[in-house]
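Take a look at the structure set out below.
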Amino acid sequence: MKNLYLPITVDHIARVEGKGGVEIVVGDDSVKEVKLNIIEGPRFFEAITVGKKLDEALAVYPRICSFCSAAHKLTAVEAAEKAIGFTPREEIQALREVLYIGDMIESHALHLYLLVLPDYLGYSNPLKMVDEYKKEIGIALELKNLGSWMMDELGSRAIHQENAVLGGFGKLPDKATLELMKKRLSEALPKAEYTFELFAKLEQYEEVEGPIIHMAVKPRGDVYGIYGDAISVSDGFEFPSEDYKKYMVERVVEHSFAKHSFYREKPFMTGAISRVVNHADKLYGRAKELYESHRDLLRPTNPFANNLAQALELVYFIERGVDLIDEALAKWPVRPRDEVEIRDGFGVSTTEAPRGILVYALEVKDGRVAYADIITPTAFNLAMMEVHVRMMAEKHYNEPERLKYLTEMVVRAYDPCISCSVHVAKL
Amino acid sequence: MEGKVRIGFYALTSCYGCQLQLAMMDELLQLLPHAEIVCWFMLERDSYEDEPVDIAFIEGSVSTEEEVELVRKIRENAKIVVAVGSCAVHGGVQSWEKDKSLEELWKTVYGDGKVKFEPKMAEPVENYIKVDYRIYGCPPEKRDFLYALGTFLVGSWPEDIDYPVCVECRLKGHPCILIEKGEPCLGPITRAGCDARCPGFGVACIGCRGAIGYDVAWFDSLARTFKEKGISKEEILQRMKMFNAHNPKLEEMVEKIFQGVEE
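Same order as they appear, the protein sequences are chains B and H.
With positions in the first sequence counted from 1, the corresponding number in our numbering is that position plus 13.
With positions in the second sequence counted from 1, the corresponding number in our numbering is that position plus 59.
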């Protein structure tokens, strides 16, 4: 291999959301360069929504990403409400979180069964698994359908929900539908547990074992969840969401339409495993038990643990969803919407999207968006993803075909939302 | 079509929602015995962008020079090209500021940063290649896919819907958001097919399926209602541009409908 420069490239990583590729250059018996290319075009979401009416901008933001459109919608709405100085009633917050949980369930189920599992079982495409793995595909569809249905009922549809608006919801489902939602969630619990057991058996490649800095939103109310007003770091540091720019520093890199992020000059990770690493003490119910019995697998040092952490969250969020619906039902009948006055102001919302921390910072002036900054989990994760692809490359550069396969698996473990990452923010 | 129909699903720049919508359809499993997926990177690792296909579904707007090449290649290789969703059909929400220069947008977002790809302003697929059929929506409804696919598979041709969301909204019996609440609902000029989904939730239509063909009668009455409700021409224009920015007749038409209102 002396002086031979060998490019190993995956032009288009399959089974992720969005278009990205990997370029690895090997020479002189070592890996010279590793680049995660984001080839999805730019969409300028911040730039195109500045100057637009607030409600119209809020309709456009979810279009950043289909896999987590509810996450985008709800985070944008919260940032806007913080900006105009409005706080939704507790029952509305609870129901919004249920909608968000619908997104979480659907997204995790799709990622685990359709995008990740085929690699482990030796299929190029999840649809080919149907005959051999009837039970698994059945569970995938059931969980996916449950999440989609929750978003249909609470958000108007599974992709690009319009039914989450300033002040609450356009319309709420009736009590019977929420009761049915509880029932369907409870019935899905054993399937989520089966998913956890299934993914607990899968290999976590030790090539990428090493220290990782994890960041996650510190949940409100001290219960493992989605909404929060501060960010916790696995080194023990904690900062208010408003300070995100100080500690999650973005840079433009030449080979990608998406920027890279650093915490104290170091790449960091966000996502299900980061939530578990930083906040497992706030889990409860069956998820808490599973966490306790599988701590060695849910470790902070391997990106593949993110898959199992997602499975754990399926269990958790199903139980959490039931509790949140109960909270809302206790106050039934719930008025869907409050009048809001659109005042000038600035608001930052940080939430946990399926793939990790999602930041929306919005300034509202004269009823219009005056400033917008949006940073998505995948954009945060890209630098860390490159580190892990490099670690994999350093072990396997002599077997290019196997390396390509393993590289895709590393990237997939992050569940990257590449479309999301190309939202691009103001500097 | 005889034998297995060869299908390709190609992505340009988008949120991947159209593909996700199709991937989430349980009905897909029934389709599989009749189809061969030649290219669909979102689900299939063994995907080939260069292979001939019977039906090419393209989602996303053309937003890089590389994507211009890709759509040309897809056209050469496909018997039927279907533009799927608001991005491929109308340029998508990323076209909302299409009147600003690329340089200006770039600077706002990336500053002086450079990347090695060649970005361009988002455009509909049709600006570069001939498109045979369009599936509207952001995202399209599942039944849009079922109808199109089913029709192609029996060797026939699906038809466009040529009536507005209002028709479906009336049939559903929802209160009129425009008349009763005075909100700028785009139902009257938006292509139907969603069963008036958003008005059903009490939310004004934002026109995500795109405008129905222009030069139709309801524009006049709509203009009158907009004006009576105090909604300005500029407001309507801005709102309609969200999903129709590339329509060359948009400004002219909005101008015309407002002029058409005589007091």
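Just so you know, even glycine gets a beta-carbon here, dropped at the ideal spot from N, CA and C.
All figures in this text were calculated on a predicted structure; none of them were measured in a lab.
Interface flag, residue i vs chain B, CB-CB below 8 Å
{"i": "H/C257", "result": "yes"}
{"i": "H/M101", "result": "yes"}
{"i": "H/M301", "result": "yes"}
{"i": "H/A70", "result": "yes"}
{"i": "H/E156", "result": "yes"}
{"i": "H/E95", "result": "no"}
{"i": "H/R298", "result": "yes"}
{"i": "H/V152", "result": "yes"}
{"i": "H/R229", "result": "no"}
{"i": "H/Y75", "result": "yes"}
{"i": "H/L309", "result": "no"}
{"i": "H/Q80", "result": "yes"}
{"i": "H/V224", "result": "no"}
{"i": "H/G209", "result": "no"}
{"i": "H/D88", "result": "First, the residue type needs correcting, since residue 88 of chain H is Leu and not Asp in the sequence shown. Yes - at least one Cβ of chain B is within 8 Å of the one on H/L88."}
{"i": "H/G261", "result": "yes"}
{"i": "H/I194", "result": "no"}
Cβ of residue i within 8 Å of any chain H Cβ
{"i": "B/H268", "result": "yes"}
{"i": "B/E175", "result": "yes"}
{"i": "B/L67", "result": "no"}
{"i": "B/P186", "result": "no"}
{"i": "B/E407", "result": "no"}
{"i": "B/R356", "result": "no"}
{"i": "B/V377", "result": "no"}
{"i": "B/K157", "result": "yes"}
{"i": "B/A60", "result": "yes"}
{"i": "B/F359", "result": "no"}
{"i": "B/R56", "result": "yes"}
{"i": "B/L112", "result": "no"}
{"i": "B/S274", "result": "no"}
Own chain residues within Cβ distance below 6 Å of residue i, not counting five before or after
{"i": "H/P178", "result": "T123"}
{"i": "H/A270", "result": "I248 and N303"}
{"i": "B/G241", "result": "V230, K231, P232 and R233"}
{"i": "B/V372", "result": "Y257, T363 and I388"}
{"i": "B/F99", "result": "V353"}
DSSP state of residue i mapped onto helix, strand, coil
{"i": "B/K48", "result": "strand"}
{"i": "H/I139", "result": "strand"}
{"i": "H/V130", "result": "helix"}
{"i": "B/V178", "result": "strand"}
{"i": "B/W345", "result": "coil"}
{"i": "H/H93", "result": "helix"}
{"i": "H/M101", "result": "coil"}
{"i": "B/M282", "result": "strand"}
{"i": "H/F68", "result": "strand"}
{"i": "B/H307", "result": "coil"}
{"i": "B/E340", "result": "helix"}
{"i": "H/F260", "result": "coil"}
{"i": "H/E299", "result": "The displayed chain sequence assigns Met, not Glu, to residue 299 of chain H. The answer is helix: DSSP assigns H/M299 an H, G or I state."}
{"i": "B/P131", "result": "helix"}
{"i": "B/K439", "result": "The predicted model places B/K439 with a pLDDT of 42, which falls under 50 and marks its position as unreliable; any figure quoted below should be read in that light. The answer is coil: DSSP assigns B/K439 none of H, G, I, E or B."}
{"i": "B/A96", "result": "helix"}
{"i": "B/L371", "result": "strand"}
Same chain, Cβ closer than 7 Å to residue i, five either side skipped, listed in chain order
{"i": "B/A171", "result": "E119, S161, M164 and D165"}
{"i": "H/L208", "result": "L90"}
{"i": "H/Y107", "result": "V97 and C98"}
Residues near residue i by beta carbon distance below 8 Å, same chain, minus five either side
{"i": "H/E162", "result": "none"}
{"i": "B/P280", "result": "I226, H273, S274, A396, M397, E399 and V400"}
Amino acids of chain A, ordered along the chain, whose beta-carbon sits closer than 8 Å to that of residue i
{"i": "H/L91", "result": "The chain inventory of the structure shown lacks chain A, comprising the protein chains B and H."}
Exercise. Check whether the stretch 172–187 of chain B touches the stretch 208–219 of chain B, taking contact to mean three or more Cβ pairs, one atom from each stretch, closer than 8 Å.
Key: Between the stretch 172–187 of chain B and the stretch 208–219 of chain B, the count of Cβ pairs shorter than 8 Å is below three; the stretches do not touch.
Quiz prompt | contact_flag[the stretch 411–419 of chain B, the stretch 342–356 of chain B] where n(CB pairs < 8 Å) is 3 or more | solution = The stretch 411–419 of chain B, when compared against the stretch 342–356 of chain B, does not touch it at the 8 Å Cβ threshold.
Quiz item: Are the stretch 284–296 of chain B and the stretch 77–90 of chain B in contact at 8 Å, needing three or more beta carbon pairs?
Solution: Per the Cβ contact rule, the stretch 284–296 of chain B is not in contact with the stretch 77–90 of chain B (fewer than 3 Cβ pairs under 8 Å).
Exercise. Give a yes or no on contact between the stretch 55–68 of chain B and the stretch 31–43 of chain B, applying the rule of three or more CB pairs nearer than 8 Å.
Key: As far as the Cβ criterion goes, the stretch 55–68 of chain B does not touch the stretch 31–43 of chain B, which means the pair count is below three.
Quiz item: Using Cβ-Cβ distances below 7 Å, what residues of the stretch 159–176 of chain H are close to chain B?
Solution: The residues in question are L164, T167, V168, Y169, G170, G172, K173, V174, K175 and F176.
Quiz item: When you check each C-beta in the stretch 16–49 of chain B against every C-beta of chain H, which residues fall closer than 7 Å?
Solution: For the stretch 16–49 of chain B, the set of positions with a beta-carbon nearer than 7 Å to some beta-carbon of chain H reads H25, A27, R28, E30, G31 and K32 in chain order.
Quiz item: Quick one, which residues of the stretch 178–189 of chain H are near chain B if we go by CB-CB under 8 Å, in chain order?
Solution: With the criterion set as a beta carbon lying under 8 Å from some beta carbon of chain B, the members of the stretch 178–189 of chain H are P178, K179 and A181, in sequence order.
Self-check item: the stretch 141–156 of chain B contacting the stretch 110–126 of chain B, beta-carbon criterion three pairs below 8 Å
Solution: With the cut-off at 8 Å, the stretch 141–156 of chain B and the stretch 110–126 of chain B touch.
Quiz item: Taking three-plus beta-carbon pairs below 8 Å as touching, is the stretch 328–340 of chain B in contact with the stretch 186–201 of chain B?
Solution: Contact holds: three or more Cβ-Cβ distances are below 8 Å.
Self-check item: Meets three-Cβ-pair contact criterion under 8 Å: the stretch 105–119 of chain H and the stretch 137–149 of chain H
Solution: Contact holds: three or more Cβ-Cβ distances are below 8 Å.
Quiz item: Just checking, does the stretch 88–99 of chain B make contact with the stretch 147–159 of chain H on the three C-beta pairs under 8 Å criterion?
Solution: No: fewer than three Cβ pairs fall under 8 Å.
Quiz item: When the Cβ atoms of the stretch 209–218 of chain H are set against those of the stretch 253–260 of chain H, are three or more pairs found closer than 8 Å?
Solution: With a cut-off of 8 Å, the stretch 253–260 of chain H and the stretch 209–218 of chain H do not count as touching, because too few Cβ pairs lie within range.
Quiz item: Are at least three pairs of beta-carbons, each pair with one atom in the stretch 417–432 of chain B and one in the stretch 80–95 of chain H, less than 8 Å apart?
Solution: When C-beta atoms of the stretch 417–432 of chain B are compared with those of the stretch 80–95 of chain H, fewer than three pairs fall below 8 Å, so the two segments do not count as touching.
Quiz item: Using 8 Å as the threshold, is the stretch 94–112 of chain H in touch with the stretch 60–73 of chain H, meaning 3 or more CB pairs across them?
Solution: Of all C-beta pairs linking the stretch 94–112 of chain H to the stretch 60–73 of chain H, three or more are shorter than 8 Å, placing the two stretches in contact.
Self-check item: Contact list for the stretch 80–92 of chain B against chain H, Cβ threshold 8 Å
Solution: Going along the stretch 80–92 of chain B in chain order, one finds F80 and S82 with a Cβ nearer than 8 Å to chain H.
Self-check item: Contact set between the stretch 111–130 of chain H and chain B, restricted to residues whose Cβ is under 9 Å from the partner
Solution: Against chain B - using a Cβ distance shorter than 9 Å - the residues of the stretch 111–130 of chain H are G119, S120, V121, S122, T123, E125 and E126.
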